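K.L.:
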Amino acid sequence: MTRRERYEAHQRRRSLVIASVSSVTVVAALYFLVPLTPGWSKVQQSFFNGDTLVKTFPKLLEAFRINVMIFLWSAPAIAVLGLLIALARDAKSPALFPLRIFGAAFTDIFRGVPVILTVYLIGFGIPGLGLPRPWNSPYIWGSLALILTYSAYVAEIFRSGIDSVHHSQRAAALSLGLSERQVMRDVVLPQAIRNVVPSQMNMLIALQKDVSLLSFIGPVEIFRQAGVFKSLLANFTPYVGAAIIFLIVTIPATRYADHLMARQMRERR
Amino acid sequence: MPKLELQGVVKRFGDRTVCDGINLTVDEGQMVCLIGASGSGKSTLLRCINLLEPIEDGAIFLDGEDISIPGLNPQSVRARIGIVFQSFNLFPHMTALENVMLAPRRVRGLTRTELQPEVEALFARFGLADRMHNYPDQLSGGQQQRVAIVRALAMQPEVMLFDEITSALDPQLVGEVLDVLLMLKKQGMTMVMATHEMGFAREAADKICFLDSGRIIEEGPPEAVFDHPSHQTTQAFLARALK
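As you go down the protein sequences, you meet chains A and B in turn. If you're matching positions, the first sequence starts at 290 in my numbering and goes up one per residue. If you're matching positions, the second sequence starts at 4 in my numbering and goes up one per residue.
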């Protein structure tokens, strides 16, 4: 071992010891101090009730399938619409000017209104037109509300991706005789989309959680199901159960997005 | 009739005049080297010829046909004039082969299968046969630049423009790229290049143009410009460049 390696090994051991001691201290403080609070036994009973958790968990899991379903048909629609909006906003031909205005208005409106409001307005408003079954389903209009809102955000991310492709790439493609459209499709977009994959992963994670907002207009998905159990059992533990189920999905997804992001940073350097 | 002719070409960026009335004729099969300090307008001039930059005034003729008419669709012109850039500008998401095939497929309307023999021959000719399936980041600078040249040649251009194509290369890689240019010259390609490689320009060029502040202030055969520069600015530049 060289002198330098000995020094670094020593530093590593030291960091490890400090990190362990401080972690143990914090956890121990929480473990011993929180139960001393006056309301702890009540909170423990109503939020962390093992029996209730075991009893309600399978039903919650089943309700979560609805979240997954809504997520699975909304996500591709968002990707397509988001990309179209991004392209509309970058349209250069004067004939497409209305499209540009529409794209700008679309992103402004749907980024500017809280998701829950859009869900209410579309989810209650459109079925209110007296559409026949199945066209009055909250699944359809709730999903549409999510699709519109998320497309606005996703479009902006795609646009930043398009901007991130160096203009020399465009020049090189144009110089070969390609048309503007071909340059976009063959050269700019493939690179742009790859550049924004990590950011779009984060949008997917956010979408997965926001699917729960549809519970306000009808669908009995996991959040609504937990609410039903809460009323039935007079206990908040089902909400904790629902949170656990979300975390099981979102933590790996978040880690993966971070991993992609870190890899991209390394490649850029 | 000259292959390429520039008459009083003016290019401005805002109120900065980059090309200030440039006249230039290039005959079929000629190699013209543009020399001059950085910022003298060499690169911009090449980009104007390829219609990547619209010109403010003057005209550019290819085979006697005005290609600088405002509003003219630049695509057909660009297909006839190839350009290679200092920074290679290969498409990083495509292999060398895909880089080369993209434009012929899209613009010449050929399929991969139809292109295969022609493109493979090009790769082989420039010593890149075993590099066809590599991505740009798996290639050295010299290899990347040769792929960029092949990519431009695959469009079967009538004129090739080279914009300081060796400036971003490590010194030991410059030779392999310059050799490619000599090959092209032997085959009769009409070429205009902006370069800082004075030795190469002197050996290979048919004509040297010295640019200063957007004007060609001296032009002629290499011996004349290098050995007996008439203009004081040229003398000063060459004294520095050849030291």
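For every residue, glycine included, the Cβ atom is placed at its ideal position computed from N, Cα and C. Just so we're clear, the structure is a prediction, and the values are computed from it rather than from any experiment.
Quick one: which chain A residues come within Cβ less than 8 Å of B/H136?
P.N.:
Here the premise fails: no neighbours, minimum Cβ distance about 18 Å.
K.L.:
Go to A/F447, then tell me how far its alpha helix (DSSP H) extends in each direction, as first and last residue.
P.N.:
Run containing A/F447: P427 to S453, per the alpha helix (DSSP H) assignment.
K.L.:
Can you look up A/M290 in the DSSP assignment and give me helix, strand or coil?
P.N.:
Coil.
K.L.:
Could you tell me which chain B residues have their CB closer than 8 Å to the CB of A/I452, listed as they occur along the chain?
P.N.:
Residue identity differs from the one stated: residue 452 of chain A is Asp in this sequence, not Ile. Those do not exist, as A/D452 stays about 17 Å from chain B at its closest Cβ, beyond 8 Å.
K.L.:
Counting contacts by CB-CB distance shorter than 7 Å, is B/L9 in contact with chain A?
P.N.:
No, no contact with chain A.
K.L.:
The ligand SAM and B/A62: does any heavy atom of the ligand fall closer than 6 Å to the residue's C-beta?
P.N.:
Among the ligands in the structure shown, none appear at all, so the ligand SAM cannot be discussed.
K.L.:
Identify each residue in the region 438-465 of chain A for which the Cβ-Cβ distance to at least one residue of chain B is less than 7 Å, and report them in chain order.
P.N.:
Cβ contacts with chain B: S457, Q458, A460, A461, L463, S464 and L465.
K.L.:
Please go through the region 321-376 of chain A and give each complete beta strand (DSSP E) segment of 3 or more residues, from N-terminal end onward.
P.N.:
List check, beta strand (DSSP E) in window: nothing returned.
K.L.:
Alpha carbon to alpha carbon, how far is A/P427 from A/L418?
P.N.:
Distance between the alpha carbons of A/P427 and A/L418: 13 Å.
K.L.:
Taking only the alpha-carbon atoms, compute the straight-line gap between A/V529 and A/F512 and give it to the nearest angstrom.
P.N.:
The alpha-carbon atoms of A/V529 and A/F512 are separated by roughly 10 Å.
K.L.:
Please list the terminal residues of the continuous beta strand (DSSP E) segment that includes B/G11.
P.N.:
Segment L7 to F16, the beta strand (DSSP E) holding B/G11.
K.L.:
Of the residues that make up the region 474-492 of chain A, which ones have a beta carbon closer than 8 Å to any beta carbon in chain B?
P.N.:
Those would be D475, V476, P479, Q480 and R483, in chain order.
K.L.:
Identify whether A/I494 lies in helix, strand or coil by the three-state DSSP scheme.
P.N.:
Residue state, collapsed to three classes: helix.
K.L.:
DSSP on B/R111, reduced to helix/strand/coil?
P.N.:
Note: B/R111 maps to coil in three-state DSSP.
K.L.:
Ignoring anything shorter than 4 residues or poking outside the region 372-404 of chain A, list the alpha helix (DSSP H) runs there in chain order.
P.N.:
Complete alpha helix (DSSP H) runs here, min 4: 386-401.
K.L.:
Which two residues bound the contiguous beta strand (DSSP E) that contains B/G85?
P.N.:
That run of the beta strand (DSSP E) goes I84 to V87.
K.L.:
Can you list the residues of chain B that A/L467 reaches, using a CB-CB cut of under 8 Å?
P.N.:
Neighbours of A/L467 on chain B, chain order: Q78, L105, A106, R109 and V110.
K.L.:
B/F165: buried (16+ other C-beta within 10 angstroms of its C-beta) or exposed?
P.N.:
B/F165 should be labelled buried.
K.L.:
Return the residue from the list B/T169, B/V103 and B/R108 that minimises the CA-CA distance to B/Y138.
P.N.:
Checked all of B/T169, B/V103 and B/R108; the closest Cα to B/Y138 is B/V103.
K.L.:
If B/V180 sits next to B/T193, beta carbons under 8 Å apart, how far is it from one beta carbon to the other, in whole angstroms?
P.N.:
B/V180 to B/T193, Cβ: 19 Å. No contact.
K.L.:
DSSP on A/A531, reduced to helix/strand/coil?
P.N.:
Correct three-state label for A/A531: helix.
K.L.:
Between A/A523 and A/T539, what straight-line distance do the alpha-carbon atoms span, to the nearest angstrom?
P.N.:
A/A523 and A/T539: Cα-Cα distance of roughly 28 Å.
K.L.:
Would you give the residue range spanned by the alpha helix (DSSP H) that B/K45 belongs to?
P.N.:
First-last of the alpha helix (DSSP H) with B/K45: K45 to I52.
K.L.:
Any idea what DSSP makes of B/T169, helix, strand or coil?
P.N.:
Here B/T169 sits in coil by DSSP.
K.L.:
Cutting at 6 Å between CB atoms, please list the residues of its own chain near A/I405, excluding the five before and the five after it.
P.N.:
The residues are L502.
K.L.:
What residue range is occupied by the uninterrupted alpha helix (DSSP H) comprising B/E206?
P.N.:
From DSSP, the alpha helix (DSSP H) with B/E206 extends over M201 to A207.
K.L.:
Could you check which residue in B/K14, B/D140 and B/Q146 has the C-alpha nearest to that of B/G61?
P.N.:
It is B/K14.
K.L.:
Given that a residue counts as buried once 16 or more other Cβ atoms are within 10 Å of its Cβ, and exposed if not, what is A/G266?
P.N.:
Because chain A spans 290 through 558 in this model, residue 266 of chain A falls outside it and cannot be assessed.
K.L.:
Assuming the contact rule is C-beta atoms closer than 8 Å, A/P527 and A/T345 should be a hit. Round their C-beta distance to whole Å, please.
P.N.:
Between A/T345 and A/P527 the Cβ distance is about 5 Å, and since that is below 8 Å, they are a contact.
K.L.:
Skipping 5 residues on each side, what residues in its chain have a beta carbon closer than 8 Å to that of B/R115?
P.N.:
Answer for B/R115: M104 and R108, listed in chain order.
K.L.:
For A/Q471, return the contacting residues in chain B, with the cut-off set at a CB-CB distance below 7 Å.
P.N.:
Per Cβ cutoff of 7 Å: R109.
K.L.:
Between the region 453-464 of chain A and the region 326-345 of chain A, do three or more beta carbon pairs fall short of 8 Å?
P.N.:
Counting Cβ pairs under 8 Å, fewer than three are found: no touch.
K.L.:
Let me confirm a value: B/Q146 is counted as buried when at least 16 other C-beta atoms fall within 10 Å, else exposed. Which label applies?
P.N.:
Answer is buried; the Cβ neighbour count reaches 16.
K.L.:
Consider the Cβ of B/N102: report whether some Cβ of chain A lies at a distance smaller than 7 Å.
P.N.:
Not an interface residue.
K.L.:
Taking B/I52 and B/I84 to be in contact with their CB atoms under 8 Å, please state how far apart those CB atoms are, rounded to whole angstroms.
P.N.:
The Cβ separation is near 6 Å, so the contact holds.
K.L.:
Counting along the chain, where does the alpha helix (DSSP H) carrying B/R243 start and finish?
P.N.:
Segment Q235 to A244, the alpha helix (DSSP H) holding B/R243.
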